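Colleague: Same order as they appear, the protein sequences are chains P and W.
For the first sequence, this note's numbering gives the first residue as 16, with consecutive numbering after it.
For the second sequence, this note's numbering gives the first residue as 15, with consecutive numbering after it.
We put the CB at the ideal spot given by N, CA and C, even for glycine.
Note that the structure is a prediction, hence the values are computed from the model and not measured.
Dropping the structure in here first, questions after.
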Amino acid sequence: MSAREAILAALKVNRPAGDFPLPDVPSFEEAYREPSKLFPERLALMGGTMAALQPGEDWAGLVRRLYPDVRLVCSTVPEVEGTCRITDFATPQEAQYVELGIVRAAFGVAETGSVCLTEAQLGMNAFPHLCEHLLVLLDPAQVLPNIHSAYRRPEIARARYAVLHSGPSATADIQGVMVRGAQGVRSLTVIYV
Amino acid sequence: MSPSSDKSRVDHAGGAELFLERAEHLAFHDRRLWELREKRDQQMHGIPEFQELRELASAIKEHTLAKLPEYLEMFERNALANGIHVHWAQDGEEHNRIVLDILRSRNARTVVKSKSMVTEECDMRPWLQARQVEVLETDVGEQIQQFDDEMPSHIVVPAVHKLVRDVAKTFSQAYGTDDGERDVTQLVAAQRRGTRPVILRADAGMTGANFLVAETGAVVVCTNEGNADLSANVPALHIVSTGIEKLVPRAADLAVFIRLLSRSALGSPITQYTTQFRGPRDGGEMHVILVDNGRATRLGMVDFWRSLKCIRCGACMNTCPVYRRSGGLSYGGVYAGPIGAIIQPTFDPDKFSALPFASTLNGSCTNVCPVKIDIHDQLYKWRRIIAEKHYLPFVKREALRMAGRLMARPKLFRAAMKGGNAVLKGLPRFAIYNWLNPWGRHREVPAPPVETFHDWYLRNRKPQTRDRGQPDKGQPDQGDRR
């Protein structure tokens with residue numbers, strides 16, 4: 016008997032007797048009535064920041080203002096040109112020197128300040144984790160109330176890779192000290208546009 | 015299994031004693047874990063439906079476990095359709111062999127991995143290393159434990175029993191940093207600098223899974239450092255090791271668990287990365303290994319199958335006064351704390367016979383469990399089995415036998431209590447604090463009361479009927495105390 020058959024057979028014999036119905040999961044969305052207003056506050060709790068274009072400022076100006084020391088900027092959005100495109104890189108190894116990544120989120124989640132990134136937005140799954148900083152464009156109309164709303168979105172059923180990215184990478188593994196900027200991005204900034 | 019010598023048994027009290035001697039570590043450990051518990055409480059109060067979510071999570075898990083073969087087959091079907099290779103392993107050895115076969119067939123010699131308790135169960139790292147495969151743990155805490163050649167002492171924060179100076183020493187050897195470094199930001203930066211090139215060079219990446227979704231064939235991984243998303247996406251080969259109990263039926267069910275997991279674990283609303291892998295990356299290959307390793311047997315244990323609901327948040331550990339003061343390593347197994355004390359005996363009730371006794375039965379673990387596992391009831395049930403099967407060490411066995419005899423005879427018990435208290439008053443310290451009383455080694459035996467409760471009750475309450483007594487104040491205070 017294969018391991019598969021043996022495991023399934025044992026589970027069938029050993030499963031608990033009785034009726035264990037699968038409950039319906041409510042949406043619990045009432046508490047999140049104005050998602051795009053709540054989102055910035057929740058993003059801040061996760062260590063992320065919001066930014067906006069200043070009057071008269073263009074995208075290049077915004078990038079210079081927010082990231083004065085950054086030279087290699089890889090943009091996957093039409094709004095910003097950047098210094099390179101993700102299609103310039105054939106492998107993650109080639110993309111390792113990108114300092115700033117600019118992407119558009121599929122949607123955001125107010126409850127947790129998360130942005131959802133999938134392979135459709137990224138072009139390369141590893142790309143937003145290899146760079147130092149991430150600038151995320153988010154349509155405020157695409158900010159959902161909570162995690163229940165997020166897992167009902169079609170992207171979740173469709174995407175091979177989908178990450179709910181909530182603030183920059185972080186660790187508190189060394190004596191409980193919270194360090195924002197662990198092994199993934201050191202900063203995550205969201206712009207409503 | 016026949017009772018064996020005490021030598022092969024995990025000596026939790028002995029391990030705890032070593033931990034208690036390190037005063038600074040103990041103080042930090044106790045404070046840090048209680049802080050996580052307090053942050054968890056803040057999150058709980060932040061969403062009004064928290065208790066409803068716990069009910070839902072428990073019901074979804076019980077439903078899934080009762081239909082586990084069907085949901086496993088559904089997951090397999092959907093994962094295969096998405097281009098994922100699916101493997102099945104009955105035990106650790108079989109799991110490790112599958113990993114090695116996959117690696118060898120792709121000529122892969124270096125593996126970067128993110129945290130996975132299942133690979134700890136399988137003791138995979140040393141097994142692969144003995145077969146010329148280099149394995150690097152990428153999670154900061156797990157990597158510290160690898161460098162120090164220790165098991166994780168906590169399922170969420172693996173090196174929580176260490177101080178900055180311990181890590182500085184470890185990293186000075188691994189990364190050449192100053193062993194006097196006390197700036198945690200610098201240590202984290204050194205770990206990133208040292209680990210990133212290994213990830214970029216690695217032939218394969220391994221992750222665990224927090225959840226598997228049957229209807230979509232998705233593997234869901236919840237992490238904070240970014241190391242899992244790098245390990246899974248940078249190398250062209252991604253291998254997932256997961257227990258078969260990680261399933262949930264639908265994506266809609268997943269939402270319930272995502273909302274509970276990090277709130278219960280670290281007291282944050284969500285992990286920084288909540289990632290689903292539903293297929294290999296472009297140009298890549300993805301494998302999922304479904305591991306039984308005792309789970310199917312546990313499902314058949316009437317009193318203990320509900321421990322399979324566990325989502326590995328560690329809340330029961332953070333709240334447990336015994337765990338906080340004894341450290342994870344004292345439990346001597348892969349899983350420590352209250353959840354470890356009910357899971358480890360399912361692997362070997364004799365070896366882990368001390369663990370169900372590492373509890374005050376205060377029930378706090380059950381109160382914080384996001385999937386409502388009856389942890390303290392299971393601890394009690396394990397104690398009975400262990401006593402019946404004679405897995406108890408001699409002193410505890412004899413003491414409990416005497417206590418049992420006394421308590422079965424109320425008159426004898428009362429006489430003994432009075433006599434005992436009288437004796438305690440008169441005894442010199444050396445007669446109370448000796449090897450027969452391990453309890454008194456780190457604690458003062460409370461001063462004996464002036465009179466027994468029974469005497470007090472007879473004097474104050476006996477003649478009164480119930481309705482003339484003190485008004486019923488309802489439930490006793492259920493708040494948890496440290």
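(1) Thinking Ala216/W and Val235/W are a contact (beta carbons under 8 Å), I'd like their distance in whole angstroms, please.
(2) Looking at C-beta atoms only, is the number of pairs between the stretch 365-378 of chain W and the stretch 395-415 of chain W that lie closer than 8 Å three or more?
(3) Tell me which residue opens and which closes the alpha helix (DSSP H) that His101/W is part of.
(4) Alpha carbon to alpha carbon, how far is Gly29/W from Phe35/P? Give it in angstroms, no decimals.
(5) Under three-state DSSP, which class holds Leu406/W?
(6) Mind listing which residues of the stretch 150-172 of chain P have their C-beta closer than 8 Å to chain W's C-betas, in chain order?
(7) Among Gly346/W, Asn332/W, Asp243/W, which has the Cα closest to the Cα of Met139/P?
(8) What did DSSP end up calling Glu164/W once you bin it into helix, strand or coil?
(9) When the Cβ atoms of the stretch 72-83 of chain W are set against those of the stretch 309-325 of chain W, are three or more pairs found closer than 8 Å?
(10) Give the range of the alpha helix (DSSP H) segment to which Cys502/W is assigned.
(11) Beta carbons nearer than 8 Å to chain W: which residues of the stretch 172-194 of chain P have them?
(12) Thinking Ala266/W and Arg167/P are a contact (beta carbons under 8 Å), I'd like their distance in whole angstroms, please.
(13) Answer with yes or no whether the minimum CB distance from Gln286/W to chain B is below 7 Å.
(14) Out of Ile357/W, Gly328/W, Lys432/W, Pro211/W, state which residue places its alpha-carbon closest to the alpha-carbon of Ala279/W.
(15) Give, in chain order, every residue of the stretch 212-240 of chain W whose Cβ lies closer than 7 Å to some Cβ of chain P.
(16) With three or more beta-carbon pairs closer than 8 Å as the criterion, would you say the stretch 286-294 of chain W touches the stretch 179-191 of chain P?
(17) Of all the options Leu426/W, Pro424/W, Lys425/W, Ala401/W, which has the alpha carbon lying nearest to the alpha carbon of Arg415/W?
(18) Report buried or exposed for Glu134/W, applying the criterion of at least 16 other Cβ atoms within 10 angstroms of its Cβ.
(19) Which two residues bound the contiguous beta strand (DSSP E) that contains Ser232/W?
(20) Are any of the Cβ atoms in chain P nearer than 7 Å to that of Glu63/W?
(21) How would you list, in chain order, the residues of chain P whose beta-carbon sits under 9 Å from the beta-carbon of Ile116/W?
(22) For Tyr207/P, which beta-bridge partners are listed by DSSP?
(23) Is it true that the stretch 69-84 of chain P meets the stretch 295-311 of chain W, where meeting means three or more beta-carbon pairs spaced less than 8 Å apart?
(24) Any C-beta of chain W sitting closer than 7 Å to the C-beta of Phe43/P?
(25) Counting Cβ pairs, one atom from each stretch, are 3 or more of them under 8 Å apart for the stretch 348-367 of chain W and the stretch 188-199 of chain W?
(26) Taking 7 Å as the CB-CB cut-off, is Val248/W touching chain P?
(27) Taking 7 Å as the CB-CB limit, is Asp306/W close to chain P?
(28) Is the Cβ of Val40/P closer than 7 Å to any Cβ of chain W?
(29) Name, please, each residue of chain P whose Cβ falls closer than 9 Å to the Cβ of Arg273/W.
(30) Assuming contact is defined by CB atoms lying nearer than 7 Å, are Leu53/P and Tyr82/P in contact in what I supplied?
(31) When the Cα of Ala10/W is compared with those of Lys403/W, Ala413/W, Arg264/W, which residue comes out closest?
(32) Any heavy atom of the ligand ATP inside 6 Å of the beta-carbon of Pro143/P?
(33) Please classify Ser344/W: does DSSP put it in a helix, a strand, or coil?
(34) What separation, rounded to the nearest whole angstrom, lies between the Cα atoms of Val132/W and Arg312/W?
(35) Please report the distance separating the alpha-carbon of Glu259/W from that of Ala95/W.
(36) Given Glu56/P, which residues of its chain have a CB within under 7 Å of its CB, disregarding the five upstream and five downstream residues?
Modeller: From the atom records:
(1) About 17 Å separates the two Cβ atoms, so there is no contact after all.
(2) yes
(3) No alpha helix (DSSP H) holds His101/W; the beta strand (DSSP E) holding it covers 99-103.
(4) 41 Å
(5) coil
(6) Asn161, Ile162, His163, Ala165, Tyr166, Arg167, Ile171, Ala172
(7) Asp243/W
(8) coil
(9) yes
(10) Within the shown structure, residues of chain W are numbered from 15 to 496, placing residue 502/W beyond reach of any answer.
(11) Ala172, Ala174, Arg175, Tyr176, Ala177, Val178, Leu179, His180, Ser181, Gly182, Pro183, Ser184, Ala185, Thr186, Ala187, Asp188, Ile189, Gln190, Gly191, Val192, Val194
(12) 6 Å
(13) Considering every chain present, this structure includes no chain B. Its protein chains are P and W.
(14) Gly328/W
(15) Leu214, Thr230, Asn238, Glu239, Gly240
(16) yes
(17) Ala401/W
(18) buried
(19) Before going on, a small fix: residue 232/W reads as Ala here, not Ser. Note, Ala232/W: beta strand (DSSP E), 232-237.
(20) yes
(21) Chain P residues near Ile116/W: none, gap ~15 Å exceeds 9 Å.
(22) Leu153/P
(23) Inter-segment contact for the stretch 69-84 of chain P and the stretch 295-311 of chain W is absent: fewer than three beta-carbon pairs are separated by less than 8 Å.
(24) yes
(25) Counting Cβ pairs under 8 Å, fewer than three are found: no touch.
(26) yes
(27) Chain P, which has a Cβ nearer than 7 Å to the Cβ of Asp306/W, makes this yes.
(28) yes
(29) Residues of chain P passing the Cβ test: Phe43, Glu126, Thr127, Asn161, Ile162, His163.
(30) no
(31) This structure does not reach residue 10/W, given that chain W is present from 15 up to 496, and the question cannot be answered.
(32) Within the structure as shown, the ligand ATP is missing, as the structure has no ligands at all.
(33) helix
(34) 16 Å
(35) Near 21 Å, if we compare the C-alpha coordinates of Ala95/W and Glu259/W.
(36) none
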